[in-house]
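J.: I am attaching a structure below and will ask some questions about it afterwards.
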Amino acid sequence: MFNHLIVYTMKHIHTLVQKKLGMTTVLSIMCTILALSAYTTKSQIVEVAQDKILISTMAAPWGFTFINSDEVLFTEKQGKMYRFTISTNTMNEITGLPAIVQKDQGGLLDIAIHPNFEQNKYVYITYAISATGGQTTALGRGVLVGNQLQNFTELFRALPIRNSGSHFGSRIVFDKNNMLYMSVGERGTQDEAQNKNSHLGKVLRFNDDGTVPTSNPLVGVPNTKPEIFCWGNRNIQGMAMHPETGEIYAHEHGPRGGDELNLIKPNTNYGWPAVTFGINYDGSQITPDTTLPGMELPLTYWVPSIAPSGMTFIRNGQPNNEADILIGALAGTHIHWLKMKDNKKISSSRSMNGYARFRDIRQAPDGKIYAMTESPNRFVQLRISGLATNSVYDINTGNEQESIVYPNPSAEESTLSFEVSSDQLVSVKVYNIHGAVVQEMPARYVSKGRHSLAIHSFDIAKGIYYVEINKGGVQSVVKFVKM
Numbered sequence: 010m011f012n013h014l015i016v017y018t019m020k021h022i023h024t025l026v027q028k029k030l031g032m033t034t035v036l037s038i039m040c041t042i043l044a045l046s047a048y049t050t051k052s053q054i055v056e057v058a059q060d061k062i063l064i065s066t067m068a069a070p071w072g073f074t075f076i077n078s079d080e081v082l083f084t085e086k087q088g089k090m091y092r093f094t095i096s097t098n099t100m101n102e103i104t105g106l107p108a109i110v111q112k113d114q115g116g117l118l119d120i121a122i123h124p125n126f127e128q129n130k131y132v133y134i135t136y137a138i139s140a141t142g143g144q145t146t147a148l149g150r151g152v153l154v155g156n157q158l159q160n161f162t163e164l165f166r167a168l169p170i171r172n173s174g175s176h177f178g179s180r181i182v183f184d185k186n187n188m189l190y191m192s193v194g195e196r197g198t199q200d201e202a203q204n205k206n207s208h209l210g211k212v213l214r215f216n217d218d219g220t221v222p223t224s225n226p227l228v229g230v231p232n233t234k235p236e237i238f239c240w241g242n243r244n245i246q247g248m249a250m251h252p253e254t255g256e257i258y259a260h261e262h263g264p265r266g267g268d269e270l271n272l273i274k275p276n277t278n279y280g281w282p283a284v285t286f287g288i289n290y291d292g293s294q295i296t297p298d299t300t301l302p303g304m305e306l307p308l309t310y311w312v313p314s315i316a317p318s319g320m321t322f323i324r325n326g327q328p329n330n331e332a333d334i335l336i337g338a339l340a341g342t343h344i345h346w347l348k349m350k351d352n353k354k355i356s357s358s359r360s361m362n363g364y365a366r367f368r369d370i371r372q373a374p375d376g377k378i379y380a381m382t383e384s385p386n387r388f389v390q391l392r393i394s395g396l397a398t399n400s401v402y403d404i405n406t407g408n409e410q411e412s413i414v415y416p417n418p419s420a421e422e423s424t425l426s427f428e429v430s431s432d433q434l435v436s437v438k439v440y441n442i443h444g445a446v447v448q449e450m451p452a453r454y455v456s457k458g459r460h461s462l463a464i465h466s467f468d469i470a471k472g473i474y475y476v477e478i479n480k481g482g483v484q485s486v487v488k489f490v491k492m
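The structure is reproduced here in structure tokens:
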């Protein structure tokens, strides 16, 4: 079936673009499509290595996010935030942060910018605060003006308060609807993860202003917390959104063994501590069960533990049902690569063994990979090899023909070419790597056949973008790069 599509696409692309782009570009497109065909059968051996050290002196680095491909915001656990410019190797401290308590695993934790940051300048952080009876994890938001967070507001604090220095969590991720997901650890009190009248040991979901979405699964349920999206989690320190499907993935620390990678779904119980693949640190059994009715099994798990922290999807034109994931390992002191297909692990490898404790890892808007490490404390740019790449793909599971963007990469204007199998309603959206829509073609009826649409890439910043084509309710995605 796939090879039939290749022949069909090559024949019709030749007719479509030869006059406009010339034979050289036609051959380039054909070669790209043939590379895609090879990718479907090629075995991957993925390796990650240090490219360059950008910052070599840091104090307990914890999380980072990209304002753009050249500017990074990062946190240090003792309560400081910095803006780092890669091209000039300059760093400025951000002022205006709230009072933050550093206690054992608690401190200034994760950081994220709003998907529409260019318009609203919102920066979100999770952090530990002091409260009557102990400490807890909070979520806050400020407006970044220069190197200052202005109008900072605490949006949420987890209850109950515990006087403990362990398992604060916490990661932040936005979905495609600009809803915010926040993880909170169970603070070392295992049974809290199963208590739905507690925020501890959960993934929580908020509107971007910190209010509770009415669609949250426990809204209106007596004796529960409405912020809860799912529960039964021990201590999540890695969350990321699949850039095409919009699904949220999360990994969590197990006890001694039993680290897990999960697909986060609403109203779902992930089992801790009733089920686990791990044991207590003293070697004693926590539970004899690794599965029970009504409790979700992980996508994959690690025994012995690697202590996962930070996670990013690497997008290189894979089909929708496949994913390449990079995960930092603290105790494992390596970078872990996973190839997932239909939410099942089909391959994995480890790179940079013994290099450092990897705290966070991200892909920048321009596609480059960066990581933040402890022991030694560094911010490093990485290079990755062996990962199959292509820029032409279609995620439909039916018989729709492929969609392409050409030229790709492009510095000015590109053209989206797509096939419509029958007269139907078609809409197109262009997303940046943060999930924000940067261009849009409203829905309109399109006749059967192949059509083209200009993408005005000279209007957008350099980086990776995803074009989503909705054809009669069936979505496909094409990646392109603005140079």
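Position 324 of the sequence shown, counting from 1, maps to 333 under the working numbering, and the rest follow consecutively. Each residue gets a CB set at the ideal place from its N, CA and C atoms; glycine is no exception.
Please state the DSSP three-state secondary structure of Phe83.
T.: Looking at Phe83 - three-state DSSP - the assignment turns out to be strand.
J.: Would a C-beta distance cut-off of 7 Å place Asn156 and Arg92 closer than the cut-off?
T.: Their beta carbons are under 7 Å apart, which means Asn156 touches Arg92 by this criterion.
J.: Can you say whether Leu434 is buried or exposed, counting buried as having 16 or more other CB atoms within 10 angstroms of its CB?
T.: Flag for Leu434 reads exposed.
J.: I'd like to know whether the C-beta atoms of Leu189 and Glu201 end up nearer to each other than 7 Å.
T.: Their beta carbons are not under 7 Å apart, which means Leu189 does not touch Glu201 by this criterion.
J.: So, for Ile62: in the same chain, excluding its five sequence neighbours on each side, which residues have a beta-carbon less than 6 Å away from its beta-carbon?
T.: Contacts found: Arg387 and Val389.
J.: Label Thr145 either buried or exposed according to how many other C-beta atoms from any shown protein chain fall within 10 Å of its C-beta, with 16 as the threshold for buried.
T.: It counts as buried.
J.: I'd like the list of long-range same chain contacts for Val312, defined as Cβ closer than 6 Å, with 5 residues on each side in sequence excluded.
T.: Within the same chain, Val312 has close Cβ partners Gly266 and Phe286.
J.: Would the segment 72-91 and the segment 114-123 be scored as touching if the rule is three or more Cβ pairs under 8 Å?
T.: A contact exists between the segment 72-91 and the segment 114-123.
J.: Note down, in chain order, each residue of its chain lying with its Cβ closer than 7 Å to the Cβ of Asn330, except the 5 sequence neighbours on either side.
T.: The answer, listed in chain order, is Lys350 and Asp351.
J.: Taking the continuous alpha helix (DSSP H) assigned at Asn129, which residues delimit it?
T.: Counting along the chain, the alpha helix (DSSP H) containing Asn129 begins and ends at Phe126 to Asn129.
J.: Round the Cβ separation of Asn225 and Ser192 to the nearest angstrom and send it over; I've been treating them as touching at under 8 Å.
T.: Going by Cβ atoms, the distance from Asn225 to Ser192 rounds to 15 Å, so no, they are not a contact pair.
J.: If I measure Cβ to Cβ from Pro275 and keep anything under 7 Å in the same chain, skipping five residues before and after, which residues do I get?
T.: Taken in chain order, the residues that qualify are Pro226, Phe238 and Cys239.
J.: Pick helix, strand or coil for Ala140, following the three-state DSSP scheme.
T.: It is a strand residue.
J.: Report the three-state DSSP secondary structure of Glu449 (helix, strand or coil).
T.: Strand at Glu449.
J.: Let me know if Thr97 comes out buried or exposed under the rule of 16 or more other beta-carbons within 10 Å of its beta-carbon.
T.: So Thr97 ends up on the exposed side.
J.: Is Lys480 helix, strand or coil when you go by DSSP?
T.: Of the three classes helix, strand and coil, the one that applies to Lys480 here is strand, per DSSP.
J.: Taking the alpha-carbon positions, what's the Ile442 to Pro297 distance?
T.: Whole-angstrom Cα-Cα distance: 42 Å.
J.: Within 8 Å, do at least three Cβ pairs link the segment 305-325 to the segment 352-364?
T.: Yes, they touch.
J.: Put Gln294 into one of helix, strand or coil per three-state DSSP.
T.: Coil.
J.: I need the DSSP call for Tyr474, collapsed to helix, strand or coil.
T.: DSSP places Tyr474 in strand when its eight states are reduced to three.
J.: Roughly how many angstroms lie between the CA atoms of Val476 and Ala445, to the nearest whole one?
T.: If you take the alpha carbons of Val476 and Ala445, they lie about 12 Å apart.
J.: Can you tell which of Pro235, Ala137 and Asp217 has its C-alpha closest to the C-alpha of Val110?
T.: The shortest Cα separation from Val110 among Pro235, Ala137 and Asp217 belongs to Ala137.
J.: Could you tell me which of Thr141, Ile393 and Gly219 sits nearest to Gly163, measuring between CA atoms?
T.: The sequence given here has Glu at residue 163, not Gly. The shortest C-alpha separation from Glu163 is found at Gly219.
J.: Looking at the secondary structure, which residues open and close the beta strand (DSSP E) in which Lys205 lies?
T.: Lys205 -> no beta strand (DSSP E), and no H or E assigned at all.
J.: Taking only the alpha-carbon atoms, compute the straight-line gap between Ala340 and Ser431 and give it to the nearest angstrom.
T.: Between Ala340 and Ser431, the C-alpha separation is close to 54 Å.
J.: Can Gly143 and Ser175 be called in contact, C-beta distance under 7 Å?
T.: In this structure, Ser175 does not lie closer than 7 Å to Gly143 by Cβ.
J.: Check the DSSP bridge columns for Val152 and list the partner residues they point to.
T.: Partner(s): Tyr131 and Gln159.
J.: Where does the unbroken beta strand (DSSP E) through Arg387 begin, and where does it stop?
T.: Residues Arg387 to Ser394.
J.: Let me check one thing: in DSSP terms, what residues is Pro70 bridge-paired to?
T.: In the DSSP output, where bridge partners are listed per residue, Pro70 has Glu85.
J.: Use the C-beta contact count for Lys457: other C-beta atoms within 10 angstroms, 16 or more gives buried, fewer gives exposed.
T.: When all chains shown are included, Lys457 counts as exposed.
J.: Could you check if Asn172 is buried or exposed, using at least 16 other CB atoms within 10 Å of its CB as the buried criterion?
T.: Asn172 comes out exposed.
J.: Taking 7 Å as the threshold (C-beta atoms), are Lys354 and Thr309 in contact?
T.: Contact: yes.
J.: Go ahead and label Val447 buried or exposed: buried means 16 or more other beta carbons lie within 10 angstroms of its beta carbon, across all protein chains shown.
T.: Classification of Val447: buried, given that the 10 Å Cβ count is 16 or more.
J.: Measuring alpha carbon to alpha carbon, tell me which of Asp268, Ile413, Asp375 and Leu270 ends up nearest Arg324.
T.: Nearest option by C-alpha distance: Asp375.
J.: Just list the residues that DSSP pairs Met191 with in beta bridges.
T.: Met191 pairs with Ile181 and Leu213.
J.: Name the residue from Arg371, Ile76 and Leu168 whose alpha carbon lies nearest to the alpha carbon of Ala470.
T.: Per the Cα distances, Ile76.
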